[in-house]
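Whatever position you read off the sequence shown (first residue = 1), add 353 for the numbering used here. No residue lacks a Cβ here, since even glycine has one placed at the ideal position from N, Cα and C. Notes follow once the structure below has been shown.
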Amino acid sequence: MISHDMPNGEELMFSEFLDIYGETGCHGVLAINIKADGLQDELLKILKEKNIENYFIFDASVPDLIVSLKKGLTCFSRYSEYEPKTVLWDECSGVWYDGFNGMVIDQEMVSDLISRGKKVAIVSPELHGRDYESVWEALRSLPPSVFGSDNLILCTDIPESARDYFNGN
């Protein structure tokens with residue numbers, strides 16, 4: 354099921370969501386937030402059934418992340434002021450870059466990850482109720498090879514504003 358809050362019986366089933374995703378012709382990457390351990394087999398089955406390849410999972414517990422990697426799921430490791438770089442970064446396909454008490458983009462680290470073929474998903478601060486302009490400006494000032502990379506992802510509640518901002522509109 355898909356639910357941000359405690360389930361109340363009206364949640365959309367994950368397979369139904371993937372049907373909608375497929376029917377609309379959407380090609381955007383699916384960021385799948387894992388909130389329970391042991392979901393790998395069912396997740397792999399549904400993703401294969403629905404022919405979903407452009408996804409990654411994040412927020413799994415460390416033991417569950419290890420199992421997910423071994424089972425072949427596309428996984429992102431977390432990074433924030435509370436979650437430093439871990440040994441799992443090399444095994445993961447990318448990094449979920451978040452900030453809880455403000456956010457400063459480490460441009461050198463982001464550039465290094467992108468240059469090594471990793472993906473970096475930046476959590477835009479408005480998702481935590483904070484101002485996003487300084488983070489967006491830092492992203493826009495990344496070297497063109499990084500800023501223009503398909504491996505740099507912005508997770509935002511305001512995609513139209515982001516599109517306009519980053520395209521200079």
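Residue i and residue j look like a contact to me (Cβ under 8 Å); what is the Cβ gap, rounded to whole Å?
| i | j | result |
| --- | --- | --- |
| Q393 | L426 | 6 Å |
| F409 | S446 | 6 Å |
| F453 | R431 | 11 Å between Cβ atoms; not a contact. |
| W456 | P437 | The residue you asked about is not Trp; residue 456 is Met in the sequence shown. 15 Å between Cβ atoms; not a contact. |
| D443 | L480 | About 27 Å separates the two Cβ atoms, so there is no contact after all. |
| L383 | N407 | 7 Å |
| V420 | I458 | Wrong, their Cβ atoms sit about 31 Å apart, outside the cutoff. |
Apart from the five residues on each side of it in sequence, which residues of its chain come closer than 8 Å, Cβ to Cβ, to residue i?
| i | result |
| --- | --- |
| L505 | V463, I467, K472, V473, I475, L492, L495, V499 |
| V448 | F429, S430, R431, Y432, W442, L466, K471, K472, V473, A474 |
| I385 | L396, Y408, F409, I410, F411 |
| D372 | K403 |
| A413 | I387, D390, S421, C428 |
Note down, in chain order, each residue of its chain lying with its Cβ closer than 7 Å to the Cβ of residue i, except the 5 sequence neighbours on either side.
| i | result |
| --- | --- |
| T439 | S430 |
| Y485 | S477, P478, E479 |
Quick check on the DSSP output: the alpha helix (DSSP H) that includes residue i runs from which residue to which?
| i | result |
| --- | --- |
| L371 | 367–376 |
| I399 | 393–402 |
| A523 | In the structure displayed, the chain extends from 354 to 522; residue 523 sits before or after that span and is not available. |
Quick one: what's got a C-beta closer than 6 Å to residue i's C-beta in the same chain, skipping five residues either side?
| i | result |
| --- | --- |
| M354 | Interpretation of M354 is limited by its pLDDT of 48, a score under 50 that renders its predicted location unreliable; no figure is taken from the coordinates. |
| K424 | Q393 |
State the start and end residues of the unbroken beta strand (DSSP E) segment that holds residue i.
| i | result |
| --- | --- |
| C508 | 505–508 |
| N386 | 383–386 |
| I405 | Looking at the DSSP string, I405 is not in any beta strand (DSSP E), and its letter there is neither H nor E. |
key: beta strand (DSSP E) runs contained entirely in the region 422–501, provided each spans 3 or more residues   = 429–432, 447–450, 472–476
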